[in-house]
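Just below is one structure, and these are the notes that go with it.
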Amino acid sequence: MNVKNLRMSAAEFVVQGNGWADFDRKVDFRATLSFSQRLSADLSQSAREVKYLLNNQGQLEVPFALTGKMPNVKPKPDTRFLGQLVQRGFMRKGTEELQNRFLGGGKDSTAEKDEPPSDSGKKKKKNNTEDMIRRGLEGLFKR
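Under our numbering, the first residue of the sequence shown is numbered 7, with each subsequent residue one higher.
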């Protein structure tokens, strides 16, 4: 049995995908679980690392595969795609930080204009950004 454009929806989520099942009870489905904007916002407030997994519409999307032989079939998240989402989230956050610092959107930009540039300041900024990324990754993968 081939299934194309499978769509299951509820008030707070939608699952869309494609796949197949055969008479030997083997199953192979690839799908994406998309949460509503409201539920995604609640989840990102509870676990701040979730904000790196939000799409452009502010929805949490989790791609997954459902493969194996029934009844021992369990959904497994697509870790490669989730890694790409985390990278995109870090890039988005880094872009926002740069805009805030250099285009006058944040508190740091006024303080930086008053102080003369120094080599130690550059190293400190670089270390702060690296530390933020490191702490975010540690928080994301330790749970």
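Ideal placement from N, C-alpha and C gives every residue a C-beta, glycine not left out.
Would you say N61 and E55 are within 8 Å of each other, going by their C-beta atoms? Between N61 and E55, the gap from beta carbon to beta carbon reaches 8 Å or more.
When the distance is taken between beta carbons, is L49 closer than 8 Å to F6? Here the chain covers residues 7 to 149 and nothing more, so residue 6 does not appear.
Alpha carbon to alpha carbon, what distance is there between N134 and N78? Spanning the two alpha carbons is a distance of roughly 46 Å.
Quick check on the burial criterion: 16 or more other C-beta atoms within 10 angstroms. Buried or exposed for S46? Around the beta carbon of S46, 16 or more other beta carbons sit within 10 angstroms, so the residue counts as buried.
Whole-angstrom Cβ separation of A37 and F70, contact assumed at under 8 Å? Yes, A37 and F70 are in contact; Cβ-Cβ is about 6 Å, under 8 Å.
Cβ-based burial, F29 [other Cβ within 10 Å; buried from 16]: By the neighbour-count rule (16 or more Cβ atoms within 10 Å), F29 is not buried but exposed.
Closest to Q43 by CA distance: which of L59, F35 and K32 is it? Selected option, being the one with the closest Cα: L59.
My understanding is that L72 touches P81, with C-beta atoms under 8 Å, so please give their C-beta distance in whole angstroms. Contact holds; Cβ gap of about 5 Å.
Less than 6 Å between C-beta atoms, sequence neighbours within five positions excluded: which residues of the same chain meet that for M14? For M14, where only same-chain residues beyond five positions count, the Cβ hits under 6 Å are V21.
CB contact below 8 Å: P81 versus chain D: Here chain D cannot be found, since the structure has a single protein chain.
Reduced DSSP secondary structure (H/G/I, E/B, other) of D34: D34: strand per DSSP, three-state reduction.
Based on Cα-Cα distance, which residue from Q51, M7 and M76 lies nearest to Q65? That would be Q51, whose Cα lies nearest to the Cα of Q65.
Among all the DSSP beta bridges, which residues are the ones paired with R13? DSSP, once it has assigned bridges, lists Q22 as partnering R13.
6 Å Cβ shell around F35 - same chain, five flanking residues per side excluded: Result list for F35: G23, G25 and L72, in chain order.
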